[in-house]
Amino acid sequence: KNQVEQSPQSLIILEGKNCTLQCNYTVSPFSNLRWYKQDTGRGPVSLTIMTFSENTKSNGRYTATLDADTKQSSLHITASQLSDSASYICVVRGGGGFKTIFGAGTRLFVKA
Amino acid sequence: GAVVSQHPSRVICKSGTSVKIECRSLDFQATTMFWYRQFPKQSLMLMATSNEGSKATYEQGVEKDKFLINHASLTLSTLTVTSAHPEDSSFYICSALRGLAGYNEQFFGPGTRLTVL
Numbered sequence: 001k002n003q004v005e006q007s008p009q010s011l012i013i014l015e016g017k018n019c020t021l022q023c024n025y026t027v028s029p030f031s032n033l034r035w036y037k038q039d040t041g042r043g044p045v046s047l048t049i050m051t052f053s054e055n056t057k058s059n060g061r062y063t064a065t066l067d068a069d070t071k072q073s074s075l076h077i078t079a080s081q082l083s084d085s086a087s088y089i090c091v092v093r094g095g096g097g098f099k100t101i102f103g104a105g106t107r108l109f110v111k112a
Numbered sequence: 113g114a115v116v117s118q119h120p121s122r123v124i125c126k127s128g129t130s131v132k133i134e135c136r137s138l139d140f141q142a143t144t145m146f147w148y149r150q151f152p153k154q155s156l157m158l159m160a161t162s163n164e165g166s167k168a169t170y171e172q173g174v175e176k177d178k179f180l181i182n183h184a185s186l187t188l189s190t191l192t193v194t195s196a197h198p199e200d201s202s203f204y205i206c207s208a209l210r211g212l213a214g215y216n217e218q219f220f221g222p223g224t225r226l227t228v229l
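First to last, the sequence lines map onto chains A and B. Start counting the first sequence at 1; every next residue gets the next number (the numbering used here). Start counting the second sequence at 113; every next residue gets the next number (the numbering used here).
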C-alpha cells in the first residue's frame, strides 16, 4: 500500500535551535518527493522538490535529504525562527497512476 | 513561483444553501486542478481531480452531485457545495498542476474557510 508517514506528529523547539523532521514512504514506483510548509489557515507552500537522483536540496534555512534506497527523507531547519511555526507536509508522487500521496504533517511550534 | 488564487477566502452560509468557490491560476495555464478538503489538525484529503473541458474525477466517498466541479477554462475551476450542511464546514484548498523542467509541480491556493450554520 502506498503510504507516507511523518514523525514526529508535533514538535516544540526554542527559537534559534535546529530541528529535523522525518518522512518515510512506501510509494512505488517513485516519481518525486516534496516538502511543503502550511501556515494555519493558509494553503501549502512548496519548500523543496526532489527526484530519484537527488540526495539533498536546500532552500535558505531549509535542507531536505532523500535516500531513495531506504525510502526516507528528512527536512532540517536551521536556526529556527518564530515564523517557522507551521505544519510541514511531506508529499510523494508515484504509485500506480502517479498519484500524489500526502503525509499527515508535523506540527512545529517555535517558542521565544 | 506560480500563483494560484481562491475566492472567497471565507464564507459563512445557512444550512441548505449552495456555495461556489473559485480557483484561478493567475500566471500559467492549468489543464489539471485538484480540490482538497482539510479538517482541523488533519492533512489534506483529495476530493476530486478537475480536468479542463471534461468531467471531474472524484475520489471514493465524495458525492459528485453534492460537490459540483466545473473546469471551463485553463485558468479557472469552480467547486460548488450544494445544499450545504454543518458537516460540510471545512477548509477547502485547490491546487493547479504546472509542468516544470521535466516534472509537474502543484501550486496551492490559499484556501477557503467554509462555515455552514
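Quick reminder that beta carbons are idealized off the backbone N, C-alpha and C, glycines included. Since we're looking at a predicted model, the values are computed, not measured.
Member of the options whose CA lies at the smallest distance from the CA of residue i
| i | options | result |
| --- | --- | --- |
| A/D69 | A/T40, A/Q6, A/N24 and A/Y88 | A/N24 |
| B/V115 | A/G16, A/T20, A/G43 and A/W35 | A/G43 |
| B/V193 | B/P120, B/T129 and B/Q118 | B/T129 |
| A/V91 | A/V110, A/L108, A/S83 and A/A64 | A/A64 |
| B/E217 | A/G105, A/G94, A/R107 and A/F109 | A/G94 |
| B/L229 | B/H119, B/C135, B/E175 and B/C125 | B/C125 |
| A/V4 | A/G105, A/A112 and A/K111 | A/G105 |
| B/F146 | B/L226, B/C206 and B/G221 | B/C206 |
CB contact flag (residue i, residue j, <9 Å)
| i | j | result |
| --- | --- | --- |
| A/K57 | A/V45 | no |
| B/S202 | B/L186 | no |
| A/T16 | A/A86 | The amino acid occupying residue 16 of chain A in the given sequence is Gly; Thr does not appear at that position. Contact: no. |
| B/R210 | B/F219 | yes |
| A/I77 | B/S155 | no |
| B/T190 | B/K132 | yes |
| A/L66 | A/L21 | no |
| B/A208 | B/S137 | yes |
| A/G62 | A/T51 | This sequence places Tyr at residue 62 of chain A; Gly is not what is there. No, they are not a contact pair. |
DSSP state of residue i mapped onto helix, strand, coil
| i | result |
| --- | --- |
| A/L82 | helix |
| B/E134 | strand |
| A/D39 | coil |
| B/T143 | coil |
Problem - Secondary structure, beta strand (DSSP E): runs of 3+ residues fully inside the region 173-203 of chain B - result: Segments of the beta strand (DSSP E) lying fully in the region 173-203 of chain B: 179-185 and 188-193.
Exercise for the section: Quick one: which residues of the region 189-206 of chain B get their C-beta closer than 7 Å to a C-beta of chain A? List them in chain order. Expected result: Here the close residues are I205.
Practice task
Note down, in chain order, all residues in the region 75-99 of chain A with a beta-carbon under 7 Å from any beta-carbon belonging to chain B.
Solution key: Within the region 75-99 of chain A, the qualifying residues are I89.
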